[in-house]
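Residue numbers (the numbering used here), protein chains in the order written: chain Z, 12 to 446; chain G, 12 to 446.
All C-beta atoms in this analysis are idealised placements derived from N, C-alpha and C, irrespective of residue type, glycine included.
2 protein chains.
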Amino acid sequence: MNAIILSIGDELVLGQTVDTNSAWISQQLAAVGCGVNAHLTVGDDQPAIEQAMLESVGRCDVLIVTGGIGPTEDDLTRQALAAVMNAPLELNQEWSHRLEAFFRKVGRPMPESNRIQAMIPRGATPIDNPNGTAAGIDVSYKSGDQKTVCRIFVMPGVPKEMKAMFAATVLPFVKESGGGAAIVSRTLHTFGTGESWVAEKLGDLMKRGRNPSVGTTVSQGIVSVRINSRFSSCDEAQRELETTTEACRAALGDLVFGADDDTLAAIVGASLASSRQTVSTAESCTGGLLAKMLTDVAGSSAYFTQGWVTYSNKSKYERLGVPTDVINVYGAVSEHVVEHMARSARRLAKADFALSISGVAGPTGGSAQKPVGTVCIALASQADENLHGDARYAASAVAARSFTFPGDREMIRDRAAKMALTMLRFHLLGKPLPF
Amino acid sequence: MNAIILSIGDELVLGQTVDTNSAWISQQLAAVGCGVNAHLTVGDDQPAIEQAMLESVGRCDVLIVTGGIGPTEDDLTRQALAAVMNAPLELNQEWSHRLEAFFRKVGRPMPESNRIQAMIPRGATPIDNPNGTAAGIDVSYKSGDQKTVCRIFVMPGVPKEMKAMFAATVLPFVKESGGGAAIVSRTLHTFGTGESWVAEKLGDLMKRGRNPSVGTTVSQGIVSVRINSRFSSCDEAQRELETTTEACRAALGDLVFGADDDTLAAIVGASLASSRQTVSTAESCTGGLLAKMLTDVAGSSAYFTQGWVTYSNKSKYERLGVPTDVINVYGAVSEHVVEHMARSARRLAKADFALSISGVAGPTGGSAQKPVGTVCIALASQADENLHGDARYAASAVAARSFTFPGDREMIRDRAAKMALTMLRFHLLGKPLPF
């Protein structure tokens, strides 16, 4: 089974938007053994879209189209598809009702132009879009002489909407129809060391030609290990995947924080929840990002109740009692200051742990001693296991560390928040930070 | 003059690498008035590359090919080009010497496999590669009947190498041959209404075929208006761009918060900074995201000093003095509660403004009365212009609003934080929120 991916949009051919959808879709298809013959991108131009569709249907089993099904005049994908199918566009009553319900819910009148989003070519089926107003379109294309048969899926270009629809509709179809080899995959995630260090630890596991294959990728500071197991039987593919996954875990040890969709915050959160412990935050340079990451996780109220963003020096004193002298002598970016912040956050929030961060996120504010990227992080925990009740929070044991993170403001803030989570993760494991 | 961009590589069709080259090349071409008909991507497969080349040469004036000219066995672009041209590959002596010199310089013996990188089809010209070992290829393709004429440029897929070669060789050719058409662009950003509403306001400005063209796109709740102006003279293109931009701004009014790289937080921040005013935050469901957005902006310490993440009901009382009765009677997600939160945050932070957010981010926690997506937001500002000193912060005027945002947890949190910024933006404009 093989596919062509057709992306539509002036913003793509003008280079104003980088097409990330095609790569994502390709990855998903590869994982279930469906080859991708080509990616094709054309602008919001109906004849060009029609030509691209007509040429593609003869060259693949599945044509996956994204973009051009918004409510505006420059959205022409549904019209092009109708022309290619030689079928009229018809209002789908069910989706029309969904649209009306959607606009009722958000309390706005539905603009007449939105109704086009419930129109699909006769003979086609709408694809549910849980995150937006454009229905997708699912159709089996047959040429006049019946020689060409191709399944066409049309989805919005908005990545979030497309991904949900792809997972719910396209992927199950491709999986069922794929026959052939089974490919199963797993991704292990690490944070805190570089890609080459991870590769060194993995050693021969990364040898080219090995099956299951082992490769590394990096995204937002997370070094991930991707394991692809490709065998003719599903059982064998799964068994070999487990064996190689175990070998990778053995090589990397506690550096692996999770697999597949796991995030650092979710893993730390699950560990806190299972031990009925709580964490609070006190942030300077990350400005709320650490609390945001913790609360990205649904159900985080079980272990996170409150946090402080003390961005100015004065607020560090007013909210968390960091002595002005300490700030003046050691600077706001110092282990002394984050230690005070963490202690106070833990005491005030009556939390089992508190994480604090202060750093130079840049682009300005760096000095020779504390260049941009310098970040101090502290973790406060219970000082004495024998204390009970509120006395537990009065005194804390505090571990502070200083780091220098590379990159721009966004990267430095991201890495700082992830390192804070990592410090707590290793503490919960009862192990020292390995770097 | 128009172009097709052909990218070659298994890593692209497998989705392991996102193709950023095509967008970059498109931007460069657009800036000198060369339209891009299509992007096309195929794997390291010689027949597929040949087919893509043959189909493309008849449909554009310039075919720009990247990738597949490395030294390894899976690099097949030069072979495909030779086959399409029906010409043998020949060793280019000059580039061969360059390769030998390169390897002498880095003190390594030259692997025999690298010699292929000095091979180009008879009749073609090498393109200098200052950053790598693969020569590019420049050739004027003519079909047998001389009817099809197309200039083909082949460059490496490595962005750094490609970009240098493009600037030195391809861009000057396109500029000279292009007849001087220029495309200049601008993007206006709005938040708070749907794409169809924006399109309705723009009306005839979005008519297809209009020049400058006007189209809409949506990303993370931001509805953007893209204006592309294409004229033979650069001056005219710029002048017409300004005229259409003004017409779009007139149609959308204050809904437009910024242009091009502007973010909501940066625009609100600039407005606060220029009036020397400050803002504080008190967040429940957004869990720090609003403070994070404000501090995404370098220099935000000028107007943001501190914020609270009061996730639990208890912390809303302990930190911000929200009476437990109020929470019990109206619920944590209520205008009463956010009003209290905003007042307290403003008073404690001694800020000119405070924004507070409490909502049901989901996926659980919704009820019939307050379904997932229900979010209350309040803005506290100075109650009495005649008060001075700390008395200014003792009493606040507060405006609270309730919204229902669609989507999942991440979307609801994102839209809530952006709506809070939007409420402050309109307050700073001295205008009511238009929705």
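Own chain residues within Cβ distance below 6 Å of residue i, not counting five before or after
i      : result
S311/Z : G280, L305
N103/Z : A129, I131, P137
I302/Z : Note that residue 302/Z corresponds to Ala in the displayed sequence, not to Ile. Only T292, G318 meet the Cβ criterion.
T289/Z : Y314, A362, D363
T180/G : I138
A372/G : C296, R420, I423, R424
E1/Z   : Because chain Z spans 12 through 446 in this model, residue 1/Z falls outside it and cannot be assessed.
H50/G  : I16, S33
F164/Z : I75, D149, V181
F437/Z : L444
A248/G : A193, V195, S240, F242
Neighbourhood of residue i by C-beta, 7 Å cutoff - its chain only, sequence neighbours within 5 removed
i      : result
R403/Z : Q393
I36/Z  : I16, I75, F177
R417/G : What sits at residue 417/G in the sequence shown is Pro, not Arg. These residues qualify, in order along the chain: G384.
K186/G : V43
C259/G : L199, L213, L216, V225, V236, I238
S188/Z : M12
Nearest-angstrom Cα separation, counted from residue j out to residue i
i      : j      : result
V76/G  : F315/Z : 52 Å
K218/Z : A93/Z  : 49 Å
D56/Z  : V337/G : 57 Å
T254/G : G44/G  : 19 Å
T415/G : K116/Z : 7 Å
D401/Z : H200/Z : 37 Å
P170/Z : V229/G : 11 Å
G26/G  : S33/Z  : 7 Å
T83/G  : L275/Z : 38 Å
A270/Z : G370/G : 31 Å
G332/Z : R241/G : 60 Å
R133/Z : D149/Z : 11 Å
F268/Z : A193/Z : 27 Å
T31/G  : S67/G  : 20 Å
Q231/Z : R412/Z : 21 Å
T144/G : F113/G : 8 Å
I388/G : A410/G : 8 Å
R250/Z : R221/Z : 15 Å
T321/G : T88/Z  : 46 Å
Sub-9 Å separation of residue i and residue j beta-carbons
i      : j      : result
N125/G : E172/G : no
V236/G : T204/G : no
D252/Z : S196/Z : In the sequence under discussion, the amino acid at residue 252/Z is Leu, which differs from the Asp named in the question. For L252/Z and S196/Z, yes; Cβs fall inside 9 Å.
D307/G : G298/Z : yes
A14/G  : L40/G  : yes
K325/Z : H351/Z : no
L435/Z : D265/Z : no
G377/Z : V47/G  : no
L23/Z  : G78/Z  : yes
Closer than 8 Å: residue i CB and nearest the ligand SAM heavy atom
i     : result
S33/Z : Ligands in the displayed structure: none, and consequently the ligand SAM is not present.
Buried or exposed (CB count within 10 angstroms, at least 16 for buried), residue i
i      : result
A146/Z : buried
A427/Z : buried
K158/G : exposed
C245/Z : exposed
V160/G : exposed
S286/G : exposed
P120/Z : exposed
T508/Z : Residue 508/Z lies beyond the residue range present for chain Z, which begins at 12 and ends at 446; the question has no answer from this structure.
N397/G : exposed
D85/Z  : buried
V209/Z : buried
Close Cβ partners of residue i (< 8 Å) along its chain, the five nearest in sequence each way excluded
i      : result
A262/G : K212, L213, G214, L216
A408/G : A391, S392, Q393, A394
Q) Between the stretch 84 to 111 of chain Z and chain G, which residues of the former have a C-beta closer than 7 Å to a C-beta of the latter? A) E84, D85
inquiry  = Please identify, using Cβ separations under 9 Å, the residues of the stretch 16 to 38 of chain Z that lie next to chain G, in order along the chain.
reply    = I16, S18, G20, D21, E22, L23, V24, L25, G26, Q27, T28, V29, D30, T31, S33, A34, W35, I36, S37, Q38
Interface positions of the stretch 120 to 147 of chain Z facing chain G (Cβ-Cβ less than 7 Å), listed along the chain: P122, S124, N125, N142
Quiz prompt | Residues from the stretch 328 to 360 of chain Z in contact with chain G, defined by Cβ distance under 9 Å | solution = E329, R330, L359, A360
Contact set between the stretch 403 to 424 of chain G and chain Z, restricted to residues whose Cβ is under 9 Å from the partner = F414, T415, F416, P417, G418, D419, R420, E421, M422, R424
Can you pull out the residues from the stretch 309 to 322 of chain G whose beta carbon lies closer than 9 Å to at least one beta carbon of chain Z?
A309, G310, S311, S312, F315, T316, Q317, G318, W319, V320, T321, Y322
Compile a chain-ordered list of the residues in the stretch 169 to 187 of chain Z whose CB is closer than 8 Å to at least one CB of chain G.
V169, K171
Give the residues from the stretch 425 to 441 of chain G that approach chain Z closer than 8 Å (Cβ to any Cβ), ordered along the chain.
none
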